[in-house]
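As numbered in UniProt numbering, the sequence shown has no gaps in its residue numbers, which increase by one up to the final residue, 354.
Accompanying notes for the structure given below.
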Amino acid sequence: MKALSLRELEATARSLLNPRIHDLFAGGSDDEVSLRANEDAFARLGLIPRVLRGRGEPRLDTDLLGCRVALPIVIAPTAFHRLAHPEGERATARAAAAAGAILTVSMASTTAIEELAQAGGPLWFQLYLQPDRGFTEALVRRVEAAGCKALVVTVDSPVFGRRERDLRNGFTDLPPGMCCENMRPLGPDGERGPARPIAFSPALTWEDVEWLRRTTSLPIALKGVLHPADAKRALESGVDALFVSNHGGRQLDTVPAPLELLPALADALGGRLPLLLDGGVRRGTDALKALALGARAVAIGRPVLWGLAVGGEAGVAHVLALLRSELERALTLCGCGSADDAGPELLHLSRLEQ
Ligand code: FNR
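In structure tokens, the structure reads:
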């Protein structure tokens with residue numbers, strides 16, 4: 001794999017993908033203000049290295065929701081990997097397992113969770129709580145049985161964001177032969193029924209999260225909590241982590257970059273819940289900035305799709321290897337022996353607020 005950076009990989013993916021699929025992956029909602037803000041925030045925040053600290057080679061391994069992982073970089077849930085590559089999520093799962101990274105399987109995965117479990121790596125499962133609790137519960141049992149290690153419940157989608165690129169391109173549905181495999185209810189003999197559409201519901205409340213908490217003993221992370229008051233409310237609901245995320249700029253537009261919101265959320269929680277951050281992470285230095293601001297890990301969405309489009313499993317492996325080596329180098333250049341050494345003292349914070 002030749003790409004020297006995720007940006008190079010993105011350019012290659014763009015040249016290879018059908019333009020409608022590229023837009024589906026790349027696009028954001030409305031004017032794409034949040035989409036642009038996500039990457040901009042990282043560029044605006046400078047790093048101020050510490051020198052001569054003699055910390056040696058940095059260690060990247062860490063614990064995330066009870067999983068020992070090789071690096072603090074998680075694969076965020078993204079839909080429809082088979083649109084990027086014929087092997088779809090299977091290729092992603094194999095690359096993640098080989099790198100010791102967590103794959104968060106999207107509820108809109110085009111491959112069944114049981115097949116992804118065969119790759120042997122740690123899997124989390126992303127859930128949109130369905131108004132039909134019976135269906136949600138059956139799905140939770142299914143992902144538990146498949147060996148998933150945590151649930152990531154996306155709460156920023158009471159309605160689907162308006163993605164004008166897709167409207168313009170007329171992208172409405174998956175091609176024949178592809179569907180959201182985990183939305184096919186399993187019959188008594190394991191046979192799969194027809195796929196149900198994923199429901200987005202504005203009627204959901206904290207009570208629904210508390211119901212889920214009572215329904216499963218798996219760790220639960222809420223994805224898309226951005227307001228400090230909601231972060232505090234999340235503590236009471238018994239969840240185990242938060243993903244600070246604006247859904248890659250695909251839901252409410254003009255939401256600030258998660259990186260900018262992270263300090264206030266970390267303050268509100270005072271270390272009581274681990275925070276993961278996604279949106280615009282394209283470099284090891286980006287990951288380091290989020291870790292220095294208090295994130296336990298970062299997650300990446302689109303880069304995995306670019307990797308898949310360019311090289312299937314090898315492409316995703318390349319994405320993870322690039323970020324891993326960039327993060328190691330950034331930590332070393334900042335005088336850090338691990339993410340624990342990285343704090344806000346490394347950041348030129350006044351720039352983030354401009
Ligand atoms: C997403 N994202 C997403 N999130 C989620 O909770 N469930 C999903 O099914 C999807 N699907 C999805 C598809 C595509 C094509 C994209 C680009 C994104 C959001 C994703 O988990 C994550 O929050 C962002 O992608 C992170 O931003 P970056 O890394 O793409 O900038």
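By construction, the Cβ of each residue, glycine as well, lies at the ideal position given by its N, Cα and C atoms.
Candidates the options: closest to residue i by CA position
| i | options | result |
| --- | --- | --- |
| L349 | E260, V298, V310 | E260 |
| L83 | L35, L17, A96 | L17 |
| G343 | E39, R50, L4, L24 | R50 |
| R133 | I73, R214, E39 | R214 |
| A37 | E57, G337, T254, L64 | T254 |
| R329 | V33, E32, L9, R55 | R55 |
| E57 | R162, L327, N182 | L327 |
| P158 | V225, A195, Q118, W211 | V225 |
Three-state secondary structure (DSSP) of residue i
| i | result |
| --- | --- |
| D31 | coil |
| T111 | coil |
| A299 | strand |
| T104 | strand |
| S338 | strand |
| L291 | helix |
| I75 | strand |
| R163 | coil |
| L174 | coil |
Beta-bridge pairing of residue i - partner residues as DSSP gives them
| i | result |
| --- | --- |
| K223 | T154, F243 |
| H348 | G46 |
| F125 | V105, L151 |
| T62 | V69 |
| L276 | F243, A297 |
Contact belief for residue i with residue j at Cβ below 8 Å, rounded distance in angstroms
| i | j | result |
| --- | --- | --- |
| G335 | H318 | 28 Å between Cβ atoms; not a contact. |
| P116 | R90 | The residue asked about is misnamed: residue 116 is Leu in this sequence, not Pro. About 7 Å; that satisfies the 8 Å criterion. |
| I198 | A146 | Not confirmed; about 19 Å, so no contact. |
| L331 | A99 | About 17 Å; that fails the 8 Å criterion. |
| G88 | T62 | Not a contact, Cβ separation roughly 28 Å. |
Residue j beta carbon less than 8 Å from that of residue i
| i | j | result |
| --- | --- | --- |
| L103 | G121 | yes |
| L276 | A221 | yes |
| D278 | A76 | yes |
| V316 | V298 | no |
| R324 | N169 | no |
| C148 | L186 | no |
| T92 | V304 | yes |
| S34 | G28 | yes |
| A266 | G294 | yes |
| R296 | P274 | yes |
| W206 | S237 | yes |
| L65 | P219 | yes |
| K223 | V153 | yes |
Heavy atom of the ligand COA within 7 Å of residue i beta-carbon
| i | result |
| --- | --- |
| G248 | In terms of ligand content, the structure shown lacks the ligand COA and carries the ligand FNR instead. |
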